[in-house]
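The numbering used here applies: residue 9 is where the sequence shown begins, and numbers increase by one.
Structure, as C-alpha cells:
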Amino acid sequence: MYKLLSHNDLDGVGCGILAKLTFGKDVQVRYNSIAALNREVESFFENDDPETFLFITDLSMNEKMKKT
C-alpha cells in the first residue's frame, strides 16, 4: 500500500493523478495545505500500517519533523 501527501494546488493535484495512474487502488492520496503537512506526517507514523510507503510531493516538512 502507498500513501501520497501532496499540496492542494494544481501541480500537487497533478502528482495525485500520476500516483493514481501508477498505483491504482493501492494508493491513498491526500491533498494538504502547507500548514497541515506536519500533522498529517505525525498521524501517518502514529496510525498507519508500517508496511505502507509514504510519498510527499510538492510540500516539505519543517526542520523538527525532518529530525523525528
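Even for Gly, the Cβ is constructed at its ideal location relative to N, Cα and C.
In this text the structure is predicted, and so the values were computed from the model without any measurement.
- Task: Measure from the alpha carbon of residue 30 to the alpha carbon of each residue in 19, 40, 12, 43, then state which is nearest.
- Result: 12
- Sorted by chain position, which residues of the same chain lie with C-beta nearer than 6 angstroms to residue 65's C-beta, five sequence neighbours on each side aside? 14, 23
- Excluding the five sequence neighbours on either side, which residues of its own chain have a C-beta within less than 8 angstroms of the C-beta of residue 19, listed in chain order? 66
- Task: Please classify residue 41: does DSSP put it in a helix, a strand, or coil?
- Result: Three-state DSSP puts residue 41 in coil, outside helix and strand.
- Task: Specify the secondary structure class of residue 14 as computed by DSSP and reduced to three states.
- Result: strand
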